[in-house]
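Take 0 as the starting number for the sequence shown in numbering that gives the first Met the number 0 and just add one per residue.
A virtual CB, placed ideally from N, CA and C, is assigned to each residue, including glycine.
What follows is a set of notes on a single structure, which appears directly below.
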Amino acid sequence: MGFAKDFVWGAATSAYQIEGAAQGSGKGLHIWDVYTKEPGHVYKGHNGDTACDHYHRFREDIKIMKEIGLKAYRFSIDWSRILPEGYGRVNEEGAAFYNELIDELLSNGIEPYITLYHWELPYEIYKRGGWMNPDIVEWFGNYARLAAQRFSDRVKYFFTLNEPQCFVGLGFLTGEHAPGIKAPLRDTFEMAHNALKAHGRAVQMLRQHGKQPLVVGYAPTCSMCYPETERPEDAEAAREMLFSMQQDDRNWAWNVAWWSDPVLLGHYPEEGLKRYEPYLPKITDEDMKLISEPIDIYGQNIYNGRCIRMGADGKPEDVERYEGFPQTAVGWPVTPECLYWGPKFLYERYRKPMYITENGIACNDVISLDGKVHDPQRIDFLARYLHELKRAADEIDVRGYFQWSLLDNFEWEKGYAGRFGLVYTEFLSQKRILKDSAYWYRDVIQTNGNKL
Ligand code: IFM
Numbered sequence: 000m001g002f003a004k005d006f007v008w009g010a011a012t013s014a015y016q017i018e019g020a021a022q023g024s025g026k027g028l029h030i031w032d033v034y035t036k037e038p039g040h041v042y043k044g045h046n047g048d049t050a051c052d053h054y055h056r057f058r059e060d061i062k063i064m065k066e067i068g069l070k071a072y073r074f075s076i077d078w079s080r081i082l083p084e085g086y087g088r089v090n091e092e093g094a095a096f097y098n099e100l101i102d103e104l105l106s107n108g109i110e111p112y113i114t115l116y117h118w119e120l121p122y123e124i125y126k127r128g129g130w131m132n133p134d135i136v137e138w139f140g141n142y143a144r145l146a147a148q149r150f151s152d153r154v155k156y157f158f159t160l161n162e163p164q165c166f167v168g169l170g171f172l173t174g175e176h177a178p179g180i181k182a183p184l185r186d187t188f189e190m191a192h193n194a195l196k197a198h199g200r201a202v203q204m205l206r207q208h209g210k211q212p213l214v215v216g217y218a219p220t221c222s223m224c225y226p227e228t229e230r231p232e233d234a235e236a237a238r239e240m241l242f243s244m245q246q247d248d249r250n251w252a253w254n255v256a257w258w259s260d261p262v263l264l265g266h267y268p269e270e271g272l273k274r275y276e277p278y279l280p281k282i283t284d285e286d287m288k289l290i291s292e293p294i295d296i297y298g299q300n301i302y303n304g305r306c307i308r309m310g311a312d313g314k315p316e317d318v319e320r321y322e323g324f325p326q327t328a329v330g331w332p333v334t335p336e337c338l339y340w341g342p343k344f345l346y347e348r349y350r351k352p353m354y355i356t357e358n359g360i361a362c363n364d365v366i367s368l369d370g371k372v373h374d375p376q377r378i379d380f381l382a383r384y385l386h387e388l389k390r391a392a393d394e395i396d397v398r399g400y401f402q403w404s405l406l407d408n409f410e411w412e413k414g415y416a417g418r419f420g421l422v423y424t425e426f427l428s429q430k431r432i433l434k435d436s437a438y439w440y441r442d443v444i445q446t447n448g449n450k451l
């Protein structure tokens with residue numbers, strides 16, 4: 000068994016993290032352009048003005064993808080690059096860039112997967128209230144329509160939103176991401192509701208304006224839960240914890256059920272409706288119908304998880320991590336089990352074909368004396384995680400895996416300090432060096448994961 004013959008082996012990036020060409024290309028401003036310029040927000044004042052200069056070097060980057068043997072590439076469109084104000088006027092230069100990127104991918108035998116929103120909220124829309132303004136549902140829908148009109152003759156796979164947990168939670172609850180706001184809880188629930196409606200509207204527009212039958216998905220994230228042992232009580236405890244809403248109020252967005260139940264089951268979770276009742280906007284049946292507009296595939300970004308067991312009191316509890324627990328260069332725990340249990344729990348609840356839309360590790364990579372980049376920790380991490388995914392693939396319908404990330408890139412508030420790439424980016428010269436893990440991943444792809 001293991002991975003299906005047509006399993007999709009890919010890598011992912013996002014627009015602001017790699018493109019550069021922030022100015023002089025007809026692009027409008029978005030919230031990250033503005034946020035990164037204010038002192039104190041991003042590590043050492045880094046910004047994405049140049050990033051990996053992918054806008055000018057995408058052909059070279061596609062050659063690298065081909066060398067790695069990627070079957071698919073998941074990238075995002077910068078909303079403000081093709082619609083500088085977020086609505087209305089089209090920036091033809093921006094549309095031409097994505098067209099050339101798509102053509103080059105296809106001529107190299109790499110399937111493009113487009114994500115519509117990976118956090119570049121156009122600044123003009125932000126000034127008009129952003130996710131708080133109900134008009135954003137139509138603005139986003141019209142943006143999706145434009146994407147379908149311009150790209151769907153060649154692109155079949157679309158994801159709507161990437162990690163709403165982050166763009167609402169980090170952007171508007173904890174304020175660590177653009178626009179750096181700590182909004183009242185009430186506002187954040189309203190934004191979340193509008194974001195979900197915008198997702199639904201985008202699904203409708205993609206279907207209506209797609210130039211071929213499209214495969215449409217959604218790509219949320221969360222911290223997974225996995226059981227301490229294989230005992231059914233622990234598995235049940237992990238499942239219960241995963242879909243519960245027990246986070247602190249100021250961290251409420253960091254959960255699965257609030258973001259995925261409405262999209263896939265057509266209702267918000269009962270526990271959240273009760274707990275957050277005073278903060279919720281008006282939610283109508285019509286809204287829920289729009290939010291649950293059927294999708295074809297479910298993407299989930301998974302990096303790590305919490306270890307859970309059934310407590311003596313019959314309630315799920317966290318298993319404390321021991322001192323010195325394995326962690327990545329950005330301090331995230333290394334918990335491969337989440338790539339077996341995560342997709343399994345999600346599939347059992349939502350019954351949609353799944354893709355792992357992001358997974359990877361930040362390491363303190365360096366260029367060695369031999370001019371190469373040796374990253375045994377990344378290989379070890381990916382081998383452990385993919386081994387678990389392979390186990391999941393024996394039991395559930397998981398169709399693809401996108402490693403995060405193709406290139407070292409702009410890691411949001413951490414600037415260029417967090418290196419997640421299979422390919423080393425030397426940011427001063429923009430030289431790319433394939434890390435050992437890129438060659439290792441090439442072997443995994445060539446053998447369809449059989450050696451894992
Ligand atoms: O770089 C990010 C990406 O933009 C969203 N998911 C997590 C990645 C690593 O932090």
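Asked: Below 7 Å CB to CB, which residues in the same chain sit around residue 426 once its five sequence neighbours on both sides are set aside?; Found: 415
Asked: For residue 157, does the three-state DSSP call read helix, strand or coil?; Found: strand
Asked: Using CA coordinates, which residue listed in 14, 189, 443, 356 is at the minimum distance from residue 401?; Found: 356
Asked: So the alpha helix (DSSP H) residue 94 belongs to, where does it begin and stop?; Found: 91-106
Asked: I need the boundaries of the alpha helix (DSSP H) containing residue 36, first residue and last residue.; Found: Residue 36 -> no alpha helix (DSSP H), and no H or E assigned at all.
Asked: Using a strict less-than 7 Å threshold between each residue's beta carbon and the heavy atoms of ligand 1, what residues do you get?; Found: 13, 16, 117, 161, 162, 165, 220, 300, 302, 357, 403, 404, 410, 411, 417, 419
Asked: Would you identify the three-state DSSP class for residue 116, choosing helix, strand or coil?; Found: strand
Asked: Determine the contact status of residue 119 and residue 151, defining contact as a CB-CB distance below 7 Å.; Found: no
Asked: For residue 279, which of 200, 288, 193, 255 has the nearest alpha-carbon?; Found: 193
Asked: Can at least three beta-carbon pairs, one atom from the region 428-436 and one from the region 357-373, be found at a separation below 8 Å?; Found: yes
Asked: Would you give the residue range spanned by the alpha helix (DSSP H) that residue 195 belongs to?; Found: 184-208
Asked: Compute the beta-carbon to beta-carbon distance between residue 315 and residue 239, rounded to the nearest angstrom, for a pair I have assumed lies under 8 Å.; Found: 5 Å
Asked: For residue 69, which residues of its own chain have a beta-carbon under 6 Å away from its beta-carbon, when the five flanking residues on both sides are left out?; Found: 9, 10, 109
Asked: Flag this pair as touching only if the region 223-242 and the region 155-175 have three or more C-beta atom pairs under 8 Å; answer yes or no.; Found: no
Asked: Skipping 5 residues on each side, what residues in its chain have a beta carbon closer than 6 Å to that of residue 327?; Found: 360, 361
Asked: To the nearest angstrom, report how far apart residue 22 and residue 205 are at their CA atoms.; Found: 29 Å
Asked: Looking at the structure shown, is residue 29 part of a helix, part of a strand, or coil, going by DSSP?; Found: strand
Asked: Which partner residues does residue 218 have in the DSSP bridge list?; Found: 161
Asked: Return helix, strand or coil for residue 441, following the three-state DSSP convention.; Found: helix
Asked: Would you list, in sequence order, the uninterrupted beta strand (DSSP E) runs of no fewer than 3 residues that lie entirely inside the region 271-315?; Found: 296-300, 304-309
Asked: Look at the alpha carbon of residue 321 and the alpha carbon of residue 307, and state the distance between them as a whole number of angstroms.; Found: 14 Å
Asked: Taking all protein chains shown into account, do 16 or more other C-beta atoms lie within 10 angstroms of the C-beta of residue 0, making it buried, or fewer, making it exposed?; Found: exposed
Asked: In whole angstroms, give me the CA-to-CA distance for residue 197 and residue 442.; Found: 40 Å
Asked: Find out if the Cβ-Cβ distance for the pair residue 178, residue 349 is shorter than 7 Å.; Found: no
Asked: In angstroms, rounded to a whole number, what distance separates the CA positions of residue 412 and residue 212?; Found: 38 Å
Asked: With DSSP run on the structure shown, which of helix, strand or coil describes residue 52?; Found: coil
Asked: DSSP state of residue 147, grouped into three classes?; Found: helix
Asked: By DSSP's criteria, residue 362 is part of a beta bridge. Which residues make up the other side?; Found: 418
Asked: Please work out which residues of its chain come closer than 8 Å, Cβ to Cβ, to residue 325, disregarding the five sequence neighbours upstream and downstream, and give them in chain order.; Found: 332, 333
Asked: Quick one: grab the DSSP three-state call for residue 82.; Found: coil
Asked: Please say whether residue 164 and residue 252 have beta carbons closer to each other than 7 Å?; Found: yes
Asked: Check whether the region 27-46 touches the region 366-385, counting contact only when three or more Cβ pairs, one atom from each stretch, lie closer than 8 Å.; Found: no
Asked: Check this for me: beta carbons of residue 167 and residue 294, under 7 Å apart or not?; Found: no
Asked: Taking the straight line between their C-alpha atoms, what separation do you get for residue 417 and residue 16?; Found: 12 Å
Asked: Could you tell me whether any non-hydrogen atom of ligand 3 is closer than 6 Å to the CB of residue 370?; Found: Ligand 3 is not part of this structure, which contains only ligand 1.
Asked: So who's on the other strand from residue 332, going by DSSP bridges?; Found: 326
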